[in-house]
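This report concerns only the one structure given below.
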Amino acid sequence: MRNLKTVKAAKLGYIVTSLFLCGTGVFLMAWPEFSARVLCQLAGILLIVCGAIKLVGYFSRDLYRLAFQFDLAFGLLSAALGLTLLLDTQRVILALHVIIGVIALADGLFKLQTALDARRFGLAHWWMIAVTALISATFGLILVADPFAGAAALMVMTGLTFLAEGCLNLCVAVCAVKIIQNKKEEKQ
């Protein structure tokens, strides 16, 4: 029963943080003049929360063990980067787009592997995970390369990357996290 609750909590956490990422992305695209310092602090908090949720997901037992398979290392990395963003905002602010880009690139590549594993398991919507993973990884790579002439364009691209990451994680939570209750757990 406890494990079932852990998987449900991790899935709900993934969905909530995914929606928050999407909302943040849309906000940054609509208001690209938003303060980079405040964004750095918000990204730090979001990375810590996402890292904690990824750790909960990793230690839960979803049916296929696909959605959370890389979340131990990625959860620890996210939490560490989040702490760095909060504790050293002034120095990190210049590299914020690179940090967000690397995270999106890595997450997209890991989720691409998740999509291919989901295909082997016979999950019908594996291709949705693959497409969103490729989009997220591409946006992350663009952020790292930073081909933009101004801060506003960079902020819009950061918003697009947040939106892509939110869609990717939402897709993984909905398509790959399977919760099965057995009869023994239902009676408790």
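For reference, each letter of the sequence shown is one residue, going 3 to 190 in my numbering.
Glycine included, each C-beta is placed from N, C-alpha and C at the ideal position.
Only a predicted model underlies this, so the values are computations on that prediction, with no experimental measurement involved.
Contact between SER138 and ALA106 holds, with the beta-carbon distance rounding to 5 Å and staying under 8 Å.
With distances taken between CA atoms, GLY103 lies nearest to SER80 out of GLY124, SER80, SER37, LEU14.
Distance check between GLN71 and each of PHE150, VAL133, ASP109, ALA166 places ASP109 closest, using alpha-carbon atoms only. For ASP73, the uninterrupted alpha helix (DSSP H) segment begins and ends at 73-89. With at least 16 other beta carbons inside 10 angstroms of its own, GLY59 counts as buried. The alpha carbon of ALA11 has as its nearest neighbour, out of PHE61, GLY46, MET130, the alpha carbon of PHE61.
For PHE61, the secondary structure class from DSSP, reduced to helix, strand or coil, is helix. VAL179 carries a coil assignment under DSSP once its states are collapsed to helix, strand and coil. Nearest Cα to ILE101 within the set LYS7, GLN115, LEU85: LEU85. Measuring C-alpha to C-alpha distances from LEU96 to each of CYS169, ARG122, ASP148 identifies ASP148 as the nearest.
Exclusion of the five residues before and after MET157 leaves LEU30, PRO34, PHE36 as the residues of its chain whose Cβ lies within less than 7 Å of its Cβ. A straight line joining the alpha-carbon of GLY142 with that of THR8 spans about 30 Å.
In this chain, GLY124 is not harboured by any alpha helix (DSSP H), its DSSP state being neither H nor E. With contacts defined as CB atoms closer than 8 Å, ILE50 and THR19 fail to qualify as a contacting pair.
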